[in-house]
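If you read the sequence shown in the numbering used here, its first letter stands for residue 5, the second for the next number, and so on.
All residues carry an ideal CB built from backbone N, CA and C; glycine is no exception.
Some notes on the structure that comes next.
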Amino acid sequence: MVRNNWTREEIAEIYNKPLMELIFEAASVHRKHFDPLEVQMSTLLSIKTGGCPEDCAYCPQAARYNTDVKGTPLLNEEEIIQSALAAKANGSSRFCMGAAWREVKDNVHFDRVVEVVKKVTDLGMEVCCTLGMLNEHQAKRLKEAGLYAYNHNLDTSPEYYEKIITTRTYEDRLNTLENVRKAGISVCCGGIVGMGEDKSDRIGLLQTLANMSQHPESVPINALVAVEGTPLENQEKISFWEILRTIATARIIMPKSMVRLSAGRTEMSIAEQALCFMAGANSIFAGDKLLTTPNPEFDQDKMMFELLGLKHKPAFKDCTIPKNSMEVTETL
Ligand code: SAM
Ligand code: DTB
Ligand code: SF4
Numbered sequence: 005m006v007r008n009n010w011t012r013e014e015i016a017e018i019y020n021k022p023l024m025e026l027i028f029e030a031a032s033v034h035r036k037h038f039d040p041l042e043v044q045m046s047t048l049l050s051i052k053t054g055g056c057p058e059d060c061a062y063c064p065q066a067a068r069y070n071t072d073v074k075g076t077p078l079l080n081e082e083e084i085i086q087s088a089l090a091a092k093a094n095g096s097s098r099f100c101m102g103a104a105w106r107e108v109k110d111n112v113h114f115d116r117v118v119e120v121v122k123k124v125t126d127l128g129m130e131v132c133c134t135l136g137m138l139n140e141h142q143a144k145r146l147k148e149a150g151l152y153a154y155n156h157n158l159d160t161s162p163e164y165y166e167k168i169i170t171t172r173t174y175e176d177r178l179n180t181l182e183n184v185r186k187a188g189i190s191v192c193c194g195g196i197v198g199m200g201e202d203k204s205d206r207i208g209l210l211q212t213l214a215n216m217s218q219h220p221e222s223v224p225i226n227a228l229v230a231v232e233g234t235p236l237e238n239q240e241k242i243s244f245w246e247i248l249r250t251i252a253t254a255r256i257i258m259p260k261s262m263v264r265l266s267a268g269r270t271e272m273s274i275a276e277q278a279l280c281f282m283a284g285a286n287s288i289f290a291g292d293k294l295l296t297t298p299n300p301e302f303d304q305d306k307m308m309f310e311l312l313g314l315k316h317k318p319a320f321k322d323c324t325i326p327k328n329s330m331e332v333t334e335t336l
């Protein structure tokens with residue numbers, strides 16, 4: 005049964021179970037709803053890098069921090085399509101385009117993104133974007149172009165949020181998520197662990213996600229990539245076991261969502277990643293780069309899939325959101 009009324013105490017009880025019990029329970033829930041061997045591969049492409057006006061303490065792309073990220077303007081259509089084709093050839097069923105924008109503006113850049121969404125959708129891939137805040141009208145335009153999913157993370161608990169970002173509020177994030185939901189786009193929303201938050205903040209984030217009237221279809225769990233030049237550059241690395249508990253708890257309380265083992269895999273062994281898959285993670289980012297930081301090499305992941313007996317999840321399998329943009333009937 006899918007619930008939307010979790011208390012923090014209930015979630016804490018799950019999170020704090022003896023680890024072996026927690027993994028077993030999460031694995032059991034996972035098997036009820038998914039083929040446990042199937043893992044979705046999504047390729048990320050930073051279509052506009054750096055120079056962002058926001059102050060997200062973890063982010064190497066914020067203009068105000070002195071990081072090694074080299075800013076680039078919005079890529080052109082051809083460059084993006086070539087990347088999408090390469091991602092598809094390497095077995096990714098989802099292609100996610102990220103832009104270091106605070107919000108989408110109605111200008112030629114957004115027009116270009118809309119055009120690219122149409123073209124990549126026509127390649128038969130699930131297209132995802134993460135472009136910052138969106139209004140209702142922009143969300144509808146993306147949906148009509150065929151956009152399948154939109155990534156917009158809450159990052160942490162409502163209480164800890166203001167220690168990480170001051171230039172926009174939790175409420176702003178929730179508003180965008182509502183606009184995405186209303187447009188009929190699949191929601192990809194999760195957060196980051198290892199930013200110095202308490203266990204109660206990880207539980208608080210999971211509670212916000214699990215109590216949405218409709219759970220996000222995809223829940224990325226990122227481990228902080230501490231980047232030199234950002235305020236979190238010296239943040240002590242979080243224990244792997246906390247990441248695992250976060251993933252397992254997400255799986256149990258959001259049984260039908262894809263749980264994505266996101267940033268932080270370069271720091272994990274195959275054995276650790278295998279525990280995450282056992283505990284219900286069923287999606288990863290593929291390719292040797294996330295947006296600006298490294299990710300395991302393609303060949304390394306291929307070897308891991310073979311070793312663990314995993315297989316790639318095909319595009320649009322088990323989708324609860326209509327695939328075809330034609331199903332949006334409201335006019336703009
Ligand atoms: N600018 C848009 C936004 O903030 O929504 C889209 C791109 S932003 C880079 C996408 C997400 O990447 C963030 O919400 C955050 O959760 C994640 N992220 C960014 N930097 C990270 C880091 N150093 N470690 C882990 N996750 C990170
Ligand atoms: C998400 O939750 N993680 C991805 C994706 N959504 C856009 C991004 C991770 C970024 C890690 C830091 C970087 O590479 O710049
Ligand atoms: Fe900008 Fe997004 Fe990075 Fe925040 S996370 S600084 S909004 S690119």
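Under 7 Å between C-beta atoms of residue i and residue j
i, j, result
"Ser266", "Phe289", "yes"
"Ala104", "Cys60", "no"
"Pro143", "Asn183", "Before going further, note that residue 143 is Ala rather than Pro in the sequence given. Cβ atoms of Ala143 and Asn183: closer than 7 Å."
"Gly102", "Ser50", "yes"
"Val120", "Glu166", "no"
"Ala153", "Cys192", "yes"
"Val197", "Ile242", "yes"
"Thr345", "Met137", "Residue coverage of the chain in this structure runs from 5 to 336, which leaves residue 345 outside it and unanswerable."
"Cys133", "Leu48", "no"
"Glu201", "Phe244", "no"
"Ala285", "Met258", "no"
"Leu279", "Leu248", "yes"
"Ser97", "Glu130", "yes"
"Leu135", "Val108", "yes"
"Ala31", "Met282", "yes"
"Glu42", "Arg106", "no"
beta-carbon residue i near the ligand DTB non-hydrogen atom, thresh 6 Å
i, result
"Pro300", "no"
"Thr234", "no"
"Gly102", "yes"
"Ala230", "no"
"Pro224", "yes"
"Ser266", "yes"
"Asn155", "yes"
"Leu294", "yes"
"Thr76", "no"
"Thr47", "no"
"Thr297", "yes"
Rounded separation between residue i and residue j - CA only
i, j, result
"Val33", "Arg264", "16 Å"
"Gln239", "Asp126", "42 Å"
"Asp115", "Lys122", "11 Å"
"Lys74", "Gly291", "19 Å"
"Leu236", "Cys63", "9 Å"
"Val124", "Gln86", "10 Å"
"Asn343", "Glu13", "This structure leaves residue 343 out entirely; the chain is present only between 5 and 336."
"Val229", "Leu295", "11 Å"
"Asn205", "Ile225", "Note on identity: in this sequence residue 205 is Asp, with Asn being the wrong assignment. Distance between the alpha carbons of Asp205 and Ile225 is about 14 Å."
"Ala16", "Met199", "19 Å"
"Asn8", "Ile256", "12 Å"
"Leu336", "Gly313", "Unreliable placement is indicated for Leu336, whose pLDDT of 30 sits below 50; no coordinate value is reported for it."
"Lys315", "Asp305", "11 Å"
"Leu89", "Met216", "34 Å"
"Lys36", "Phe28", "13 Å"
"Asp303", "Thr11", "42 Å"
"Gly188", "Gly128", "19 Å"
"Leu178", "Val223", "15 Å"
Residue i beta carbon near the ligand SAM (any heavy atom closer than 6 Å)
i, result
"Gly136", "yes"
"Tyr152", "no"
"Tyr62", "yes"
"Ile196", "yes"
"Asp159", "yes"
Beta-carbon separation (whole angstroms), residue i vs residue j, contact threshold 8 Å
i, j, result
"Gly194", "Glu163", "The Cβ separation is near 17 Å, so there is no contact."
"Pro300", "Thr253", "The Cβ separation is near 24 Å, so there is no contact."
"Glu221", "Ser190", "4 Å"
"Thr76", "Lys52", "7 Å"
"Glu140", "Lys186", "6 Å"
"Ser261", "Gln44", "Not confirmed; about 12 Å, so no contact."
"Glu158", "Thr234", "The identity of residue 158 in the sequence shown is Leu, whereas the question assumes Glu. Between Thr234 and Leu158 the Cβ distance is about 19 Å, and since that is not below 8 Å, they are no contact."
"Val118", "Leu146", "7 Å"
Opposing strand residues paired with residue i [DSSP bridges]
i, result
"Val120", "Note: Val120 sits in no beta bridge, so no partner."
"Asp159", "Gly195"
"Ser222", "Cys192, Met262"
"Leu49", "Met101"
"Ile288", "Met45, Leu265"
"Lys293", "Pro298"
Any non-hydrogen atom of the ligand SF4 closer than 6 Å to residue i Cβ
i, result
"Ala66", "yes"
"Glu166", "no"
"Cys56", "yes"
Any non-hydrogen atom of the ligand ATP within 6 Å of residue i CB
i, result
"Asp202", "The ligand ATP is not part of this structure, which contains only the ligand SAM, the ligand DTB and the ligand SF4."
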